[in-house]
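Student: The numbering of the sequence shown is the working numbering, which starts it at 227 and goes up by one.
Note that CB positions come from ideal geometry on N, CA and C, so glycine has one too.
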Amino acid sequence: MAVGVFDSGLGGLTVLDALVKRMPDQAFVYLGDNANAPYGTRTADDIFNLTCAAVERLWAEGCDLIILACNTASAAALKRMQETWLPGDKRVLGVFVPMIEAVTERQWGDNSPPREVDVKHVALFATPATVASRAFQRELAFRAIGVDVEAQPCGGVVDAIEQGDEMLAEALVRSHVEALLRRMPKPQAAVLGCTHFPLVEKVFAEALGPDVTVYSQPDLTAEALADYLERRPEFRGTGTGVKFLTTGDPARVSNKATQFLRRKITFEAA
Ligand code: DGL
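1. Report the CB separation of T269 from A299 in whole angstroms; it is logged as a contact under 8 Å.
2. Starting from the Cα of E396, find the closest Cα among C380, A377, V426, D385 and give me that residue.
3. Give the range of the alpha helix (DSSP H) segment to which L451 is assigned.
4. Less than 8 Å separating the beta-carbons of A355 and A302?
5. Can you list, in chain order, the stretches of the beta strand (DSSP E) that have 3 or more residues and sit fully within the region 251-281?
6. Assuming Y441 and A415 form a contact by the criterion Cβ under 8 Å, report the distance between their Cβ atoms to the nearest whole angstrom.
7. Once you ignore the five residues that flank R306 on each side, which residues in its own chain have a CB closer than 6 Å to its CB?
8. Using 8 Å as the threshold, is the region 340-353 in touch with the region 372-385, meaning 3 or more CB pairs across them?
9. Should F470 and T484 be called a contact, given that it needs their Cβ atoms to be closer than 8 Å?
10. Apart from the five residues on each side of it in sequence, which residues of its chain come closer than 6 Å, Cβ to Cβ, to G237?
11. Suppose contacts are defined by Cβ-Cβ distances below 8 Å. Is G230 in contact with L284 by that definition?
12. Can you name, in chain order, every residue of its own chain whose Cβ lies under 7 Å from the Cβ of P444, other than the five neighbours on each side?
13. Which whole runs of the alpha helix (DSSP H) in the region 365-441 are 4 residues long or more, in chain order?
14. Hey, L257 and A448: beta-carbon distance below 8 Å or not?
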């Protein structure tokens with residue numbers, strides 16, 4: 227048994243890297259649904275069905291606990307999966323809630339009523355499907371009041387990063403930041419709500435300026451998972467190491483992943 231880590235494609239590798247760094251002795255199975263990526267421009271029903279199929283594939287690997295290392299899946303499918311589909315002995319956790327807890331300075335499991343928090347103006351950068359889901363605003367409203375969220379659908383950035391076109395990715399990030407700043411000139415915090423964005427975090431930070439705190443997910447997710455496994459050690463499983471599975475072409479995906487993370491990664495067919 228291992229902890230499963232799922233993403234539509236390669237973006238979740240930024241989260242997986244942080245998980246391995248934080249928990250080097252934990253076994254993980256990573257599954258990228260590269261055959262169906264990107265999810266960011268799909269409908270909520272599509273994302274739900276694809277995410278359920280991927281989770282079932284990870285169950286077959288013995289993963290009773292799965293992290294959706296994909297904001298789009300976390301935002302568009304997770305709540306519906308937990309409410310209507312997930313068997314009681316399995317757990318699926320997303321990357322959204324740890325980030326919202328960080329922004330609202332809450333501890334995991336703090337179920338007290340929403341309260342005023344320091345941050346009042348939050349910029350959210352994410353895929354079009356994540357922005358359309360309004361999951362960020364919904365989860366935030368459970369925890370905080372009086373926070374103004376301006377969300378920017380960042381079309382094109384995921385594709386540019388996947389294609390290794392750094393110049394295009396940077397240009398798109400700058401134009402998305404400019405577009406958001408026209409609507410919210412002084413955000414206090416910016417949330418990078420897409421697993422690809424840590425790779426261009428510096429560009430976001432530069433374009434936003436020094437007064438904006440940028441929240442990036444990999445380390446926040448790693449802390450949240452380490453904390454969860456402390457409390458629920460039965461989900462740790464046994465063994466060590468990481469297995470990489472893809473629904474796409476393993477040779478092609480391995481090549482791209484190696485470019486993406488700048489170290490050798492070998493995928494097997496899912
Ligand atoms: N990994 C997805 C996310 O975090 C983005 C990639 C996609 O659009 O499939 O939102």
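Tutor: In short:
1. Counting from one through the sequence shown, the residue named residue 269 turns up at place 43. Counting from one through the sequence shown, the residue named residue 299 turns up at place 73. Not a contact, Cβ separation roughly 13 Å.
2. Taking the sequence shown and counting its residues from 1, the one referred to as residue 396 is at position 170. With distances taken between Cα atoms, E396 lies closest to V426.
3. The count along the sequence shown starts at 1 and reaches residue 451 at position 225. Here the alpha helix (DSSP H) through L451 covers 443-457.
4. Along the sequence shown, one-based indexing puts residue 355 at 129. Along the sequence shown, one-based indexing puts residue 302 at 76. In this structure, A302 lies closer than 8 Å to A355 by Cβ.
5. 254-258
6. As a first step, residue 441 is located in the sequence shown; it is residue number 215 there, counting from the start. As a first step, residue 415 is located in the sequence shown; it is residue number 189 there, counting from the start. Indeed they touch by this definition, with Cβ atoms about 6 Å apart.
7. As a first step, residue 306 is located in the sequence shown; it is residue number 80 there, counting from the start. Counting only Cβ-Cβ distances below 6 Å, and skipping sequence neighbours, we find F274.
8. yes
9. Residue 470 sits at position 244 when you count from the first residue of the sequence shown. Residue 484 sits at position 258 when you count from the first residue of the sequence shown. Cβ atoms of F470 and T484: not closer than 8 Å.
10. Locating residue 237 in the sequence shown gives position 11, where the first residue counts as 1. Here the set comprises T421, H422.
11. In the sequence shown, counting from the first residue as 1, residue 230 sits at position 4. In the sequence shown, counting from the first residue as 1, residue 284 sits at position 58. The answer is yes: Cβ separation under 8 Å.
12. The sequence position of residue 444 within the sequence shown is 218, counting from 1. Only T240, V241, D243, A244, P424 meet the Cβ criterion.
13. 383-388, 392-409, 427-434
14. For this step, residue 257 is matched to residue 31 along the sequence shown. For this step, residue 448 is matched to residue 222 along the sequence shown. Cβ atoms of L257 and A448: not closer than 8 Å.
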